[in-house]
């Protein structure tokens, strides 16, 4: 498959933090005061469409260099199709919103907008595949019993633990362990390794890997793009 770059995967993980409320929420149109879902144009006006979201767009769901609008690909119907699979009583049904996802795009305008149109669709599908798998279709906001677990690998010097911080799974990607917030690579299989590699990859939990891959290929089909190669880790 076309590569999912290291930079874009890290932006995806950070985007997940904003979507879940782990990181401070950033308002769309911060230079214009635009409402959610509107672009701040190069001249400081709020609206949608190419004149506002295209060249010079300052914030909001701007159209990237490849002409892709993430907001159009990840439509409300697409988002609802995921959330509606979760039971009615799930706390995540009111916690995760498409509006929050679009808000995050104002700070990560390169997410889903670099490379070919197919690259963009795969990157968006990969994000929602991992998020759906980790949260049960946006049902859970924290790992079951995670707060009581010690997920700090003090021997890892590349991504050392921050004092008084916990690394249990929370948010849409349910990342755990300090080192899983760093490493990433090429292809969807490598994104599995970045999210939960020590638990699932290298034959440890092939059923979980298969579940992720199935979600990814399903979302790729919904978005009209071939999933590509290197799907497993």
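Numbering (UniProt numbering), first residue to last: 1 to 233. Glycine is no exception: its CB is placed at the ideal position from the N, C-alpha and C atoms.
How far does the alpha helix (DSSP H) with residue 234 in it extend, from its first residue to its last? In the structure as shown, the chain begins at 1 and stops at 233. Residue 234 is therefore absent and cannot be evaluated.
Cutoff 8 Å; reference residue 93; Cβ partners in own chain excluding five residues on either side: If you number the chain shown from 1, residue 93 lands on position 93. Cβ within range, chain order: 83, 86, 138, 139.
Considering only their Cβ atoms, is the gap separating residue 63 from residue 113 smaller than 9 Å? Sequence index remark: in the chain shown, residue 113 carries index 113 (1-based). Sequence index remark: in the chain shown, residue 63 carries index 63 (1-based). A contact, by the Cβ cut-off of 9 Å.
Check whether the Cβ atoms of residue 99 and residue 169 sit closer than 9 Å, and answer yes or no. Working through the chain shown from its first residue, we reach residue 99 at position 99. Working through the chain shown from its first residue, we reach residue 169 at position 169. No.
Beta-carbon gap between residue 60 and residue 53 smaller than 9 Å: To locate residue 60, count along the chain shown from 1; it is residue 60. To locate residue 53, count along the chain shown from 1; it is residue 53. Taking 9 Å as the Cβ cut-off, residue 60 and residue 53 qualify as a contacting pair.
Between the C-alpha atoms of residue 116 and residue 213, what's the straight-line distance to the nearest angstrom? Within the chain shown, residue 116 is the residue found at index 116, counting from 1. Within the chain shown, residue 213 is the residue found at index 213, counting from 1. Spanning the two alpha carbons is a distance of roughly 21 Å.
Using a threshold of 9 Å, state whether the C-beta atoms of residue 70 and residue 120 are closer than that. For the purposes of this step, residue 70 is identified with residue 70 of the chain shown, where counting begins at 1. For the purposes of this step, residue 120 is identified with residue 120 of the chain shown, where counting begins at 1. Contact: yes.
Using DSSP's beta-bridge definition, name the partner residues of residue 170. Position 170 of the chain shown, counted from the start, is the residue given in the question as residue 170. Paired residue(s): 142.
Residues in the same chain with beta-carbon distance under 8 Å from residue 47, minus the five sequence neighbours each way, listed in chain order, please. What you label residue 47 is simply residue 47 of the chain shown in a count that begins at 1. 38, 39, 41, listed in sequence order.
In this structure, does DSSP put residue 99 in helix, strand or coil? Residue numbering aside, residue 99 sits at position 99 when the chain shown is read from its first letter. In the structure shown, residue 99 sits in a helix (DSSP, three-state: H, G or I).
Check each candidate in 218, 58, 196 and name the one with the smallest Cα separation from residue 32. Taking the first residue of the chain shown as position 1, residue 32 is located at position 32. Checked all of 218, 58, 196; the closest Cα to residue 32 is 58.
Counterpart residues of residue 59 in DSSP-defined beta bridges: By one-based count along the chain shown, residue 59 stands at place 59. Listed as beta-bridge partners of residue 59 by DSSP are 40.
In the DSSP assignment, the alpha helix (DSSP H) including residue 236 goes from what residue to what residue? Missing from the structure shown is residue 236; the chain here goes from 1 to 233 and no further.
Can you tell which of 223, 155, 205, 167 has its C-alpha closest to the C-alpha of residue 75? Here the question's residue 75 lines up with position 75 in the chain shown. Considering only alpha carbons, the answer is 223.
For residue 219, which residues from the same chain have a beta carbon less than 7 Å from its beta carbon, with the 5 sequence-adjacent residues on both sides left out? Position 219 of the chain shown, counted from the start, is the residue given in the question as residue 219. Setting aside the 5 residues that flank it on each side, residue 219 is surrounded in the same chain by 125, 128, 129, each with a C-beta closer than 7 Å to its C-beta; the list follows chain order.
Nearer than 8 Å: is that true of the beta carbon of residue 40 relative to any heavy atom of the ligand ADP? With respect to the ligand ADP, the structure shown offers nothing to examine, as it has no ligands at all.
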